[in-house]
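In my numbering, the protein residues as written are 22 to 651.
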């Protein structure tokens, strides 16, 4: 069936569509119906079914005779360690850890925080929680003690599973002192912690509270899979809130299983047994959905990669992984490709590896600028597919549906809505805008299975954050437009749409122009306060390796390019060259923080920032343009 036929089938009978998709999951008790709308606008899916995530991700593949198939490849170019875990081995590992947690009193509904590096045991921990009905909350390894403490107090976990350390290029990050500090700060105290000792940084255990990973699991019974209801929380994943207080996004078990399983073939075009690789971290939603859960639920091998796109050891590390493990579909962030392109603009490393098994590259997490897509297409000679979704949604909402049919690519657009998502562009009064007009991206309720049904212990905040602005719609917080062919363009966060002398302009559109310059490897545009025009756009340029032209020349050229391609209305006159941009660990550029610095406003250091020292460099660059004087 074509994309149009499948999307129309969903639209004409949403419940029938998702009832049919649920047939691909093993239920202990099938749900009586798909959608429960009694508490609208709080919709629920498969609520009265009984199911277990770990069974669907692990045990059923063993029962089907595929226990010897590799489930997890672990590869750490930083330490040189490599392991393979079959489905049968994963079944034993999750049963063992799950049984040990049960023996210490963890019961269905209890929360368990996971604070681990990118190692195979992190997936074992997630799946072991799912096996016994515990609700896990993964916190990015190395998060500061104060930030971890807020999550401990919000989730009130019975236990914390942690690594002794994480390993970054050139340094070891000790997790245990951060964990100890967080527990000291937090009002809530976990009953116990379990520490995976890594030889690169052994932790000192606190007697009576801390248990060593292997010793903790010795001699305990093996856990069976515990059935839970379809609306049982699979996990809580904290995402940054505008108030500085993190929001605990909930993921419902039944819808999570159905939707993720459906995407693996229809979006990513992989079959059971194929190798799927998402180069992310388990601390992010991509790591939850497409490192741990979706590949395993669908019967694919997944890769846990402890490394970076460059520097571990070079800009060819992604290509080495793809060749070595015969990766069929690869998923990463545009920022990773921009880093590789900056280091290896001619693609010399690409040529060193056999990438013939790779069939597609998917990009998400940051806007994929056309220049990066074109470079990746040229180097890899496979479809390069930008797709868009959010932590709250859990899986792609906008995508070129590779598993259904490959639609014509329109650079700058993540293409079309997937079944389940009725995406519209609204004005400030909630009225639909005509094709081509910039407005707020919103999704008509009900959202499909597996998307957030609410926030952990924060119902009022859920309504305020997502439902109140446009009644009957989910507010995404993104701005963009839909063209006459139905392709959606995500241009910026709503906060990044700037008002220049009454004209609403997209910073993303300006970034496309800057990125098109042959010397620019990466860029960002923000809006800074201006007494005359309200706001003015300001560009930050990171140059490709080997560019040694005068910066003033390049700045002049990009200013002219914006004027030529967007027009004088953009009033684009401010740009500066910087070595790097401030980002989260997942690669998102911290534009809001840059705006606060430029406008001399107080700001809270983002918890997810990769390197706080970059902000001093940005401040210096801003001061060279006459800003950040406060």
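All residues carry an ideal CB built from backbone N, CA and C; glycine is no exception. Small disclaimer: the values here were computed from a predicted structure and weren't measured.
- In this structure, the alpha-carbon of residue 23 lies about 21 Å from that of residue 416.
- Collapsing the DSSP output to three states places residue 181 in a strand.
- Secondary structure note for residue 240: it is in no beta strand (DSSP E), with a DSSP letter that is neither H nor E.
- With a minimum length of 3 residues, the unbroken runs of beta strand (DSSP E) contained wholly in the stretch 39-114 fall at 91-97, 102-107.
- The beta carbons of residue 435 and residue 509 sit about 7 Å from each other, so the pair counts as a contact at 8 Å.
- Rounded to whole angstroms, the Cβ separation of residue 97 and residue 387 is 25 Å, and the two are not in contact under 8 Å.
- Ranked by Cα distance from residue 274, the options 253, 287, 283, 398 are led by 253.
- By a beta-carbon distance limit of 8 Å, residue 596 contacts residue 559. Their separation comes to about 7 Å.
- When C-alpha distances from residue 380 are compared across 359, 393, 348, 391, the shortest belongs to 348.
- Distance from residue 397 to residue 365 at the Cβ level is roughly 12 Å; contact not present, criterion being Cβ atoms closer than 8 Å.
- In the structure shown, the three-state DSSP call for residue 528 is helix.
- Excluding the 5 residues flanking it on each side, residue 162 has same chain C-beta neighbours closer than 7 Å at 136, 137, 138, 184, 187, 196, 304, in chain order.
- The stretch 268-285 makes contact with the stretch 401-417, as at least three CB pairs between them are under 8 Å.
- Taken in chain order, the complete alpha helix (DSSP H) segments of 4 or more residues contained in the stretch 244-327 are 274-287, 315-319.
- In the three-state reduction of the DSSP assignment, residue 503 falls in the strand class.
- Beta-bridge partners of residue 133 (DSSP): 157, 180.
- Linking residue 141 to residue 608 through their CA atoms gives a straight-line distance of about 22 Å.
- Straight through space, the alpha carbons of residue 480 and residue 291 are spaced by roughly 37 Å.
- By the C-beta density criterion, residue 198 is exposed, having fewer than 16 other C-beta atoms within 10 angstroms.
- The stretch 206-217 makes contact with the stretch 168-179, as at least three CB pairs between them are under 8 Å.
- The DSSP assignment places 460-465, 494-503, 509-514 as complete runs of the beta strand (DSSP E) inside the stretch 457-515, in order along the chain (cut-off: 3 residues).
- Closest in C-alpha terms to residue 486, from the list 628, 266, 312, comes 266.
- Burial state of residue 285 is buried, judged by a 10 Å Cβ sphere holding 16 or more other Cβ atoms.
- With distances taken between CA atoms, residue 565 lies nearest to 359 out of 234, 149, 359, 52.
- In the DSSP assignment, residue 453 is bridged to 447.
- In summary, residue 626 is exposed, with fewer than 16 beta-carbon neighbours lying within 10 Å of its beta-carbon over all protein chains present.
- Going by DSSP, residue 375 is part of no beta strand (DSSP E) at all; its letter is neither H nor E.
- Of the residues assessed, residue 26 falls on the exposed side of the cut-off, its CB having fewer than 16 other CB atoms within 10 angstroms.
- Of 200, 260, 74, 580, the smallest CA-CA separation from residue 47 is found for 74.
- Annotation: residue 311 to residue 573 spans about 43 Å, alpha carbon to alpha carbon.
- Beta-bridge annotation (DSSP): residue 382 is paired with 351, 405.
- Sequence-distant Cβ neighbours of residue 385 in its own chain, meaning closer than 6 Å and more than five residues away, are 408.
- Judged by DSSP secondary structure, residue 596 falls within the beta strand (DSSP E) whose first and last residues are 595-598.
- Residue 447 is positioned such that its CB atom lies closer than 7 Å to that of residue 461.
- Remark: C-beta atoms of residue 120 and residue 241 approach each other more closely than 7 Å.
- No Cβ-Cβ contact shorter than 7 Å links residue 109 with residue 72.
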